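Residue numbers (our numbering): 5 to 258.
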């Protein structure tokens, strides 16, 4: 009869292996998604008259200036381990933007705020095109996506190369879509909230922007408490639908 603790060893090993695999295929896509998102804000702001991000060296794809020790490293790793790779959340240092430097502050705010989610959506589409091209070349690879390259896949030398690429492209689509959809929730300080402030007439715009100090508390409540199915029936299905449209495959395969 095996020792009581012996039966846990394979499970622990499997979980650790799964977490390491999730980190290896998710780290670069997540990092690039948040970096491109922030750089897009700064780049558009610079074009519209505010050089703040450029002057502080934030218009760069070098990840180091964008990394927040807590939001980019500690929180994502903790969530990967705590949820066994099923849920990740993180953020980069926000790119500084002085809206009063913009040529038309209210109108240009819409462009600056929308640039981040728009960039994420464009990246998701580009990664989705590459994903579709690889599957068109070798359709059988789709059978290995749910198993994340199970043992039978590694007997094919081409699959050894293409499956990790497919998994990273899938993660890139996933996280760029998540960032685009989540950030367009019309509650400040999210990008969608700033777009809404820019679109509303002055009186309503001022009233809407006044909720910004409480914005994150409202967002956390919407996600955790899920009133009216906000997350489970609106945001999550929207993310899944956009992903299926971009990837061209059913969510069953990922």
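Glycine included, every Cβ here is placed at the ideal spot set by N, Cα and C. Model, not experiment: these values are computed from the prediction.
| If we ignore side chains and look at the alpha-carbon of each, how far apart do residue 40 and residue 232 end up? | Within the chain shown, residue 40 is the residue found at index 36, counting from 1. Within the chain shown, residue 232 is the residue found at index 228, counting from 1. Roughly 33 Å separates the two Cα atoms.
| message | Using a Cβ-Cβ cutoff of less than 6 Å, which residues in the same chain neighbour residue 153 once the five nearest sequence positions on both sides are dropped? | response | Within the chain shown, numbered from 1, the residue matching residue 153 stands at position 149. Confidence in residue 153 is poor, its pLDDT being 44 and thus under 50, which makes the residue's placement unreliable; the coordinate value appears in the next sentence. Hits under 6 Å: 167.
| task | Could you tell me if residue 179 is buried or exposed, where buried requires 16 or more neighbouring beta carbons within 10 angstroms of its beta carbon? | result | One-based indexing of the chain shown puts residue 179 at position 175. Residue environment for residue 179: buried (at least 16 other C-beta atoms within 10 angstroms of its C-beta).
| request: Assign residue 194 to buried or exposed, taking buried as 16 or more other Cβ atoms, counted over all protein chains shown, within 10 Å of its Cβ. | output: Against the chain shown, residue 194 aligns to sequence position 190. Residue environment: residue 194 is assigned as buried (16 or more neighbouring CB atoms within 10 Å of its CB, all protein chains considered).
| field | Simplified DSSP state of residue 96, which is helix, strand or coil | value | In the chain shown, the residue the question calls residue 96 occupies position 92. Correct three-state label for residue 96: coil.
| field | Straight-line Cα distance separating residue 210 from residue 71 | value | On the chain shown, position 67 is the one that residue 71 refers to. On the chain shown, position 206 is the one that residue 210 refers to. Looking at the two C-alpha atoms, the distance is approximately 32 Å.
| task | Apply the 10 Å Cβ neighbour rule to residue 217 and answer buried if 16 or more other Cβ atoms are within range, or exposed otherwise. | result | As a first step, residue 217 is located in the chain shown; it is residue number 213 there, counting from the start. When all chains shown are included, residue 217 counts as exposed.
| task | Pick helix, strand or coil for residue 207, following the three-state DSSP scheme. | result | On the chain shown, residue 207 is found 203 positions in, with the first residue counted as 1. Helix.
| If we call anything under 8 Å between Cβ atoms a contact, is residue 173 one with residue 134? | As a working note, residue 173 is residue 169 in the chain shown. As a working note, residue 134 is residue 130 in the chain shown. Taking 8 Å as the cut-off, the Cβ atoms of residue 173 and residue 134 count as close.
| Of the listed residues 66, 243 and 247, nearest to residue 2 (C-alpha basis) | Beyond the ends of the chain as shown, which are 5 and 258, falls residue 2; an answer cannot be given.
| Whole-angstrom Cβ separation of residue 102 and residue 56, contact assumed at under 8 Å? | Residue 102 sits at position 98 when you count from the first residue of the chain shown. Residue 56 sits at position 52 when you count from the first residue of the chain shown. The distance from the Cβ of residue 102 to that of residue 56 is about 5 Å, consistent with a contact at the 8 Å cut-off.
| task | Using the Cα positions of residue 117 and residue 163, report the straight-line distance between them to the nearest angstrom. | result | Reading the chain shown from its first residue, position 113 is the one you call residue 117. Reading the chain shown from its first residue, position 159 is the one you call residue 163. Residue 117 and residue 163 have their C-alpha atoms roughly 40 Å apart.
| Length-filtered (4 minimum) alpha helix (DSSP H) runs lying within the stretch 182-255 | Within the stretch 182-255, the runs of alpha helix (DSSP H) that reach at least 4 residues and sit entirely inside it are, in chain order, 195-203, 206-213, 219-229 and 240-251.
| residue 56, DSSP secondary structure in three states | Locating residue 56 in the chain shown gives position 52, counting from the first residue. Reduced to three states, the DSSP call for residue 56 is helix.
| Can you tell which of 86, 94, 67 and 73 has the C-alpha that lies nearest to the C-alpha of residue 80? | Residue mapping note: residue 80 aligns to position 76 of the chain shown, counting from 1. Out of 86, 94, 67 and 73, 94 has the C-alpha closest to the C-alpha of residue 80.
| task | Using only alpha-carbon positions, find the residue among 37, 45, 213 and 77 that is nearest to residue 129. | result | One-based indexing of the chain shown puts residue 129 at position 125. Of 37, 45, 213 and 77, the smallest CA-CA separation from residue 129 is found for 37.
| query | Got a sec? Which residues, its chain only, sit under 8 Å from residue 111 by beta carbon, not counting five neighbours each side? | reply | The residue you call residue 111 lines up with position 107 of the chain shown. Counting only Cβ-Cβ distances below 8 Å, and skipping sequence neighbours, we find 202.
| message | Quick check on the burial criterion: 16 or more other C-beta atoms within 10 angstroms. Buried or exposed for residue 74? | response | Against the chain shown, residue 74 aligns to sequence position 70. Residue burial is scored here from C-beta neighbours: residue 74 has fewer than 16 other C-beta atoms within 10 angstroms and is therefore classed as exposed.
| said: If you reduce the DSSP assignment to three classes, tell me which class residue 155 lands in. | reply: Within the chain shown, the letter at position 151 stands for residue 155. Low confidence applies to residue 155: its pLDDT is 48, below 50, so where it sits in the model is not reliable enough to give any reading.
| Does the beta-carbon of residue 137 have 16 or more other beta-carbons within 10 angstroms, so that it is buried, or is it exposed? | Along the chain shown, one-based indexing puts residue 137 at 133. So residue 137 ends up on the exposed side.
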